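Encoded as structure tokens, the structure appears first; notes follow it.
Residue numbers (this note's numbering): 16 to 360.
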């Protein structure tokens, strides 16, 4: 298996890898701190920007909280999508571009083709499924490198997005109902946040309570061992790409609902924060393992920090620098924790 992130390993045999949750022991104070350091850090960063003079007037407001949770919701969906191939040991660098294609396609189907809203939502999600299917075929059937395959697919989709929009932002002709839905608040919070929580809950159940979900962890631990105990490695890895593409397509539709417009945006604007969230998540809740709860917390942390930097008057490049540093730090920590888990310490 190529490009297998070492943080996914949880044992050298398939029998240990297929158990998604280790035997619970009374956690020490250090282990508790390790497990919940990321949620604590998120709270501390929020408190810092809430009291930091340049951002204190605008940051701790209901409107800004809605912005944070709304933007976090889409990033978290892309991050959850990335989890499926990552748990198997594969990267998918096309997910941000897949979401961008779904966003502009959903808008274009209404604005240029006059399709009703239900079809304009379903078709882009199915296109995401198709993209994931192609990625999975190229990686599992043709043996192509997932890094090169998905990076190339992302570049291709980015070019298609620019061609489809003509480099312009689609504003008029979009059914206002989708924006009304995206602006809806439940209990004072954006509806897209609750949709993301629902998807996260389903993904958590999938990974921890279904044989297929556990098999993905087994593949990430050792594809050879998983194959020896009867896991259909090729088929399951392929399905992980299909599921990832489908979720990314849904994320693009939600982004349109949130923004009410669609342009030839760079898919990396979603991809890199999502990857940072995934690897930050591997340092929380179940340190050393990719996990859904940690991923959602990582996405919230990234959104809180980026919002705080922007409201503090930081230059536009600051968010990119932060995302890059967060990704590097998260990969380093998750790799270290994964290695420590494998050594049994």
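Positions of the beta carbon are idealized from the N, C-alpha and C atoms, including for glycine.
Here the structure is a predicted model, which means the values were calculated and not measured.
Since residue i and residue j are thought to touch, with beta carbons under 8 Å apart, how far apart are those beta carbons, to the nearest angstrom?
i, j, result
"residue 269", "residue 82", "Actually they are not in contact, since the Cβ atoms of residue 269 and residue 82 sit about 15 Å apart, beyond 8 Å."
"residue 111", "residue 285", "4 Å"
"residue 147", "residue 260", "2 Å"
"residue 327", "residue 67", "6 Å"
"residue 282", "residue 169", "6 Å"
"residue 186", "residue 71", "Residue 186 to residue 71, Cβ: 34 Å. No contact."
What residues are listed by DSSP as bridge partners for residue i?
i, result
"residue 205", "200"
"residue 277", "185"
Within a Cβ cutoff of 6 Å, which residues of the same chain sit near residue i, ignoring the five residues on either side of it in sequence?
i, result
"residue 332", "none"
"residue 54", "312"
"residue 272", "193, 196, 197"
At a threshold of 8 Å, does residue i count as lining the ligand GDP (C-beta to nearest heavy atom)?
i, result
"residue 189", "Looking at this structure, you won't find the ligand GDP or any other ligand, since it has none at all."
The alpha helix (DSSP H) with residue i in it runs from where to where?
i, result
"residue 273", "248-274"
"residue 86", "77-103"
"residue 150", "132-155"
"residue 322", "307-326"
"residue 129", "Neither: residue 129 is in no alpha helix (DSSP H) and is coded neither H nor E."
From the DSSP output, in three-state form, read off residue i for me.
i, result
"residue 362", "The displayed coordinates of the chain run from 16 to 360. Any statement about residue 362 would go beyond what the structure contains."
"residue 17", "Residue confidence for residue 17 is low, a pLDDT of 41 falling below 50, so the modelled location carries little weight and cannot support an answer."
"residue 180", "helix"
"residue 223", "helix"
"residue 244", "coil"
"residue 38", "Residue placement at residue 38 is flagged as unreliable, the pLDDT there being 46, under the threshold of 50; the coordinate-derived value follows with that caveat. Of the three classes helix, strand and coil, the one that applies to residue 38 here is coil, per DSSP."
"residue 301", "coil"
"residue 331", "coil"
"residue 160", "coil"
"residue 282", "coil"
"residue 72", "coil"
"residue 67", "coil"
"residue 43", "coil"
"residue 236", "helix"
Using a Cβ cut-off of 9 Å (strictly closer), state whether residue i contacts chain D.
i, result
"residue 234", "In the structure shown, chain D cannot be found, because there is only a single protein chain."
Cutting at 7 Å between CB atoms, please list the residues of its own chain near residue i, excluding the five before and the five after it.
i, result
"residue 164", "150, 153, 154"
"residue 116", "142, 172, 175, 176, 267"
"residue 201", "209"
By Cβ distance below 8 Å, which residues in the same chain neighbour residue i in space, the five residues on each side in sequence not counted?
i, result
"residue 334", "321, 324, 325"
"residue 73", "79, 326"
"residue 41", "Reliability of the predicted coordinates at residue 41 is poor, the pLDDT of 49 falling under 50, and the value obtained from them is presented with this limitation in mind. Excluding residues within five positions, none has a Cβ falling inside 8 Å."
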